[in-house]
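K.L.:
My questions all concern the structure below.
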Amino acid sequence: MRALLAALLALALVAAPAQAQRASLPDIEDEVMCLECGTALNVSTSEVADQEREFIADLIAQGKSKAEIKAALVDEYGPRVLAEPEDDGFQLAAWAVPVLVAVAALALVILIARRWRREDPPAGDDAASGLGDDDARRLDAELAAFDR
Amino acid sequence: MRARVYWPVTIAAALLVGLLAYGLTTTGSDTTLDDAMARGERVEPPSRDALPALGSDATGTLADYEGKVVLVNIWASWCPPCVDELPLIERTHEMLRKRGGTVLGINVKENSKAALDAVDKFGLTFPNLRDRDGSFVREWGQSGYPENFVIDRQGRVAAVRRFPVTQEWLDKTLPPLLDEPA
Numbered sequence: 134m135r136a137l138l139a140a141l142l143a144l145a146l147v148a149a150p151a152q153a154q155r156a157s158l159p160d161i162e163d164e165v166m167c168l169e170c171g172t173a174l175n176v177s178t179s180e181v182a183d184q185e186r187e188f189i190a191d192l193i194a195q196g197k198s199k200a201e202i203k204a205a206l207v208d209e210y211g212p213r214v215l216a217e218p219e220d221d222g223f224q225l226a227a228w229a230v231p232v233l234v235a236v237a238a239l240a241l242v243i244l245i246a247r248r249w250r251r252e253d254p255p256a257g258d259d260a261a262s263g264l265g266d267d268d269a270r271r272l273d274a275e276l277a278a279f280d281r
Numbered sequence: 051m052r053a054r055v056y057w058p059v060t061i062a063a064a065l066l067v068g069l070l071a072y073g074l075t076t077t078g079s080d081t082t083l084d085d086a087m088a089r090g091e092r093v094e095p096p097s098r099d100a101l102p103a104l105g106s107d108a109t110g111t112l113a114d115y116e117g118k119v120v121l122v123n124i125w126a127s128w129c130p131p132c133v134d135e136l137p138l139i140e141r142t143h144e145m146l147r148k149r150g151g152t153v154l155g156i157n158v159k160e161n162s163k164a165a166l167d168a169v170d171k172f173g174l175t176f177p178n179l180r181d182r183d184g185s186f187v188r189e190w191g192q193s194g195y196p197e198n199f200v201i202d203r204q205g206r207v208a209a210v211r212r213f214p215v216t217q218e219w220l221d222k223t224l225p226p227l228l229d230e231p232a
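Read top to bottom, the protein sequences are chains A and B.
So the first sequence is numbered by this note's numbering: it starts at 134 and just counts up by one.
So the second sequence is numbered by this note's numbering: it starts at 51 and just counts up by one.
What follows is the structure, encoded as structure tokens:
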């Protein structure tokens, strides 16, 4: 009995990863484009999208893996069927713009941080009061006039 | 400080607007063919790139039909107006074949099994090439489905029909071109 349980457990452990890797339509749909609609397949309702889904479903039924299905999609429809921008021409902007925006945002953060540091008040009584030299002198003059 | 931030922000905004404008101008439909047809001119095809043939490992180009009048039919079985038009296109191919012409189908954005099923279903006998992702027909200024282009015996685009053809349009367009010398 113990040996049987051990064998079943071993079988379950071996089978689990295989089950996890099994391709499914929802898993693939969001990584594939509807070529005519220009949207991801999982949000496309056109007849082109239905035909692409049918193509994927047939390959899933044949037991193909996700990678094999994506390769078959590229073979049938070309590389644009995958939901990732190409690395040439105008499509290159899809890769470059986020990087440039991130660099610009970082530069802005550094600029603002340096500005804040420069504006930190220097140590001293007047600094503690938050007054500049001119204002401090004017305040002293006003107080002296008031005492008189 | 305000002036130091102003220029980088302005330049960045201008770059983004320029990028948007570039994207809009390069992804729109090309009207070169339509403009030429409106002027009554015949022009070289925008693209003669080789495409995979439907149902075989071979490739084909327009150059394979030199000296013939070619009706280039852009179609897909997922497009109902294209399917509606196929019987007329097949009849036209029969007529053209007898007079030194052919229909050349360009099947667009469709897997080969679905396309071949349609070929069988409608008994299509004309040759078909596959434009897998639509990049070929985009160069021809494609703006919808189906579309038809007539190539004369000198290999120039002589007529363009965006959306379905009619028997009347075919009768008016093809015979004069078939009568021209090669």
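For glycine and all other residues, C-beta sits at the position ideal for the given N, C-alpha and C.
The structure presented is a predicted model; accordingly, all values stated were derived computationally and were not measured.
Mind checking if L69(B) is an interface residue toward chain A, Cβ cutoff 8 angstroms exclusive?
P.N.:
yes
K.L.:
For F188(A), which residues in chain B fall below 7 angstroms Cβ to Cβ?
P.N.:
N161
K.L.:
Can you tell me the Cα-Cα spacing of Q152(A) and A216(A), whole angstroms?
P.N.:
In this prediction, Q152(A) has a pLDDT of 49, which is less than 50 and means its spatial position is unreliable; nothing more can be read from the coordinates.
K.L.:
Suppose contacts are defined by Cβ-Cβ distances below 8 angstroms. Is P196(B) in contact with N123(B) by that definition?
P.N.:
One thing to note: P196(B) has its Cβ within 8 angstroms of the Cβ of N123(B).
K.L.:
Over what stretch of residues does the beta strand (DSSP E) that includes F199(B) continue unbroken?
P.N.:
E197 to I201
K.L.:
Pull up the distance between the alpha-carbon of V232(A) and that of I243(A), whole angstroms please.
P.N.:
17 angstroms
K.L.:
From Q204(B) to E116(B), what distance separates their C-alpha atoms?
P.N.:
7 angstroms
K.L.:
Does any residue of chain B have a CB that is nearer than 8 angstroms to the CB of V232(A)?
P.N.:
No, because no Cβ of chain B sits closer than 8 angstroms to the Cβ of V232(A).
K.L.:
Report buried or exposed for S198(A), applying the criterion of at least 16 other Cβ atoms within 10 angstroms of its Cβ.
P.N.:
Counting the other Cβ atoms within 10 Å of the Cβ of S198(A) gives fewer than 16, which makes it exposed.
K.L.:
Spell out whether any CB of chain B is found under 8 angstroms from the CB atom of A237(A).
P.N.:
Chain B contact via Cβ: present.
K.L.:
For A149(A), count neighbouring C-beta atoms within 10 Å of its own C-beta (all shown protein chains included) and say buried if the count is 16 or more, exposed if not.
P.N.:
Confidence at A149(A) is low in this model, with a pLDDT of 49, below 50, so the placement of that residue should be treated as unreliable; the coordinate-derived value is given next. Under this definition A149(A) is an exposed residue.
K.L.:
Could you tell me the alpha carbon to alpha carbon distance between L146(B) and L112(B), rounded to whole angstroms?
P.N.:
16 angstroms
K.L.:
Which chain E residues are close to V176(A), counting only those with a beta carbon under 9 angstroms from its beta carbon?
P.N.:
In the displayed structure, chain E is absent; the protein chains listed are A and B.
K.L.:
May I ask you to list the residues that DSSP assigns as paired with G155(B)?
P.N.:
Checking the DSSP bridge columns, you'll see G155(B) partnered with N123(B) and N178(B).
K.L.:
Would you please verify whether the beta carbon of A274(A) is less than 8 angstroms from any beta carbon of chain B?
P.N.:
no
K.L.:
Quick check: G155(B) and F176(B), are their CB atoms within less than 8 angstroms of each other?
P.N.:
By the CB criterion at 8 angstroms, G155(B) and F176(B) fall inside the cutoff.
K.L.:
So what's A232(B) in DSSP terms, helix, strand or just coil?
P.N.:
Looking at A232(B) - three-state DSSP - the assignment turns out to be coil, as it is neither helix nor strand.
K.L.:
Could you tell me the alpha carbon to alpha carbon distance between G110(B) and G194(B), rounded to whole angstroms?
P.N.:
Taking the straight line joining both Cα atoms gives about 23 angstroms.
K.L.:
Looking only at its own chain, which residues have a Cβ that is under 8 angstroms from the Cβ of A103(B), when we skip the five neighbours before and after it?
P.N.:
T109, G110, P177, N178, L179 and R180
K.L.:
Are the beta-carbon atoms of V210(B) and F199(B) separated by less than 8 angstroms?
P.N.:
The answer is yes: Cβ separation under 8 angstroms.
K.L.:
Quick one: what does DSSP say V93(B) is sitting in, helix, strand or coil?
P.N.:
strand
K.L.:
Got a sec: which bits of the segment 168-201 of chain B sit with their beta carbon under 7 angstroms from any beta carbon on chain A, in order along the chain?
P.N.:
Cβ contacts with chain A come from R182, D183 and G184.
K.L.:
Checking the sheet assignment: what are the DSSP bridge partners for V165(A)?
P.N.:
L215(A)
K.L.:
Using CA coordinates, which residue listed in D107(B), R206(B) and L220(B) is at the minimum distance from E94(B)?
P.N.:
The residue among D107(B), R206(B) and L220(B) with its C-alpha nearest the C-alpha of E94(B) is R206(B).
K.L.:
In chain B, what lies closer than 9 angstroms to R213(A) by C-beta?
P.N.:
R182, D183, G184 and S185
K.L.:
On a Cα-Cα basis, can you pick out the residue from D107(B), L220(B) and D85(B) that is closest to V153(B)?
P.N.:
L220(B)
K.L.:
Check L104(B) in the structure and name its three-state DSSP category.
P.N.:
Secondary structure at L104(B): coil, using DSSP grouped into helix, strand and coil.
K.L.:
Check the Cβ of V181(A) against every Cβ in chain B and list those closer than 7 angstroms, keeping chain order.
P.N.:
W128 and K159
K.L.:
Give, in chain order, every residue of the segment 189-205 of chain A whose Cβ lies closer than 7 angstroms to some Cβ of chain B.
P.N.:
Against chain B - using a Cβ distance shorter than 7 angstroms - the segment 189-205 of chain A contributes no residues.
K.L.:
Pick from A235(A), L158(A) and D266(A): whose alpha carbon is nearest that of G196(A)?
P.N.:
The option with the nearest alpha carbon to G196(A) is L158(A).
K.L.:
Please report whether the beta-carbon of A164(B) lies at a distance below 8 angstroms from any beta-carbon of chain A.
P.N.:
yes
K.L.:
Counting only beta-carbon separations shorter than 8 angstroms, does A226(A) have a partner in chain B?
P.N.:
yes
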